[in-house]
Amino acid sequence: MFGPKIKPMKYNNITAFEKHLEASSAFQSLPVYLFISKDPIEKKELIEVLLKKLSSKEECNIVKLEAEKILYQELYEELNCFSLFDKKKIIVLQNCEKVSKSLIELIEHFISRHHSSNSYLLVCTSSSLSSTNSFYKLIENMGIIVDISDLKPWEKEKNGTEWIQKIVLQNGFSIDPSAIQQLVKQIGTDKSLLANELEKIFCYVAERKSIHMEDIKVICSVTSQETIWKLSESIFKKEGKTALAILNNLIDEGNAFLTLLRQLRSQFQIGAQVASIIYNNGPLQEISKLFPYMKGKILELNVQQAKTYGLKNYLQGLITIDAFELKAKNSGIVDKYLAEQFLHQILFQANKK
18 MFGPKIKPMK YNNITAFEKH LEASSAFQSL PVYLFISKDP IEKKELIEVL LKKLSSKEEC
78 NIVKLEAEKI LYQELYEELN CFSLFDKKKI IVLQNCEKVS KSLIELIEHF ISRHHSSNSY
138 LLVCTSSSLS STNSFYKLIE NMGIIVDISD LKPWEKEKNG TEWIQKIVLQ NGFSIDPSAI
198 QQLVKQIGTD KSLLANELEK IFCYVAERKS IHMEDIKVIC SVTSQETIWK LSESIFKKEG
258 KTALAILNNL IDEGNAFLTL LRQLRSQFQI GAQVASIIYN NGPLQEISKL FPYMKGKILE
318 LNVQQAKTYG LKNYLQGLIT IDAFELKAKN SGIVDKYLAE QFLHQILFQA NKK
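Mind the numbering: the sequence shown is residues 18 to 370 in this note's numbering, read in order.
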């Protein structure tokens, strides 16, 4: 029924994974896939790409589970409940960064049993997972991994640009290259944010079906990357009053606190990478290689800032941003009050010895 079995492989972008599936016009799938990305849209997209390929061959029964909530017995039953007359069963196990040792052993047993079978498929997702993790190594040897959790800045920009182009075409529009660049400049590469802005753009241009730079400037958030830099710089310098003033102004201009948090995360991630290189006594050339725009005075300023703020504060800041993103989504608290809480916590942590 199916062609040759796929060999275990790793990919670091969705496009490469799609091409791999397209090249395998008729294949017998491996029993397990692992998709790693911090972006929920990317994880969803990877699952949809795989399921579309599989469902084009046969009907599938799809079961979605949460790794941190599922009990051993429940997963055991799902992995072993099958009859000859059932459809192909696909189990999507989400948030596998929280998978327990007992579940890893159960999954290993499942993979060993079904390595040559085509009746079962396990699809695992995770926001982050080290390549030294035992679960990662298990799937690395017996399945396919798509890991796009730690892309370089220019890789993120390329990824975001390609994604915008694809979504625009899928919705029956065309877009100028300059408009794509402007969109990335204003919004960044977070696909959740980009998706929101694209929905507004599609409604605005409507029957015209073509998107130009002027449309981006009119419709999209006025928060430029430069303003986010000023906000992050004031936080890194521990200038609370300045940071609060910038943040409040941005909220007054109509920017959602959740959106601003996601844009701030990118600045903290960059700072953490620079600080990590310094902490490990890496050469300055390594920083410039990672961030090509950091040369001369710009490099000097970023290095000094990273030394002053410190790797620990960048990492703790990322944890705080994640916590406040959940609050912004679920608490219903007014944005300005949340913003003040956020700055108080992040500055208090940075000032602790």
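Glycine is no exception: its CB is placed at the ideal position from the N, C-alpha and C atoms.
For residue i and residue j, I'd like the C-alpha separation in whole angstroms.
i, j, result
"T206", "F34", "20 Å"
"V116", "G160", "17 Å"
"P21", "N368", "Because P21 sits at a pLDDT of 44, beneath the cut-off of 50, its placement in the model cannot be relied upon, and the following sentence gives the value as read from the coordinates. Looking at the two C-alpha atoms, the distance is approximately 59 Å."
"E256", "H361", "11 Å"
"S227", "S191", "5 Å"
"F152", "S54", "16 Å"
"F341", "G334", "10 Å"
"L139", "L261", "46 Å"
"Y331", "R279", "15 Å"
"F219", "Q198", "17 Å"
"N213", "V222", "15 Å"
"L92", "S147", "23 Å"
Just curious, the beta strand (DSSP E) that residue i is in, first and last residue?
i, result
"S143", "Y137 to S143"
"L210", "That residue, L210, is in no beta strand (DSSP E); its alpha helix (DSSP H) goes K208 to V222."
"L146", "Here L146 belongs to no beta strand (DSSP E), and DSSP marks it neither H nor E."
I'd like the span of the alpha helix (DSSP H) that includes residue i, first residue to last.
i, result
"D232", "M230 to I236"
"K175", "P170 to Q187"
"V201", "P194 to I204"
Please return the same chain residues whose Cβ sits closer than 7 Å to the Cβ of residue i, not counting the five positions on each side in sequence.
i, result
"V201", "E174, G177 and T178"
"L328", "A289, A292, S293 and Y296"
If you drop the 5 nearest sequence neighbours on each side, which residues of the same chain put their C-beta closer than 6 Å to that of residue i?
i, result
"N319", "V291 and M311"
"Q322", "F253"
"I287", "none"
"L51", "C141, I156 and I162"
"S166", "I53, S54, K55 and S145"
Checking 8 Å against the spacing of the C-beta atoms, do residue i and residue j come in under that value?
i, j, result
"I268", "A345", "no"
"L96", "L120", "no"
"I233", "Q203", "yes"
"L307", "K217", "no"
"L248", "L281", "yes"
"L371", "A84", "The requested residue 371 is not part of the displayed model; the chain covers only 18 to 370."
"L63", "I108", "no"
"L38", "K70", "yes"
Whose C-beta lies closer than 8 Å to the C-beta of residue i among residues of the same chain, with five residues either side of it excluded?
i, result
"P57", "S209"
"S305", "M311, K312 and L316"
Closer than 7 Å: is that where the CB of residue i sits relative to any heavy atom of the ligand COA?
i, result
"K70", "The ligand COA is not part of the structure shown, which contains no ligands of any sort."
- prompt: What runs of the beta strand (DSSP E), each 3 residues or longer, lie entirely inside the segment 30–101?
  reply: Listed in chain order, they are 49–53 and 77–83.
message: As an exercise, report each continuous alpha helix (DSSP H) stretch of at least 4 residues that is fully enclosed by the segment 295–366, in chain order.
response: You should have 301–307, 313–326 and 328–347.
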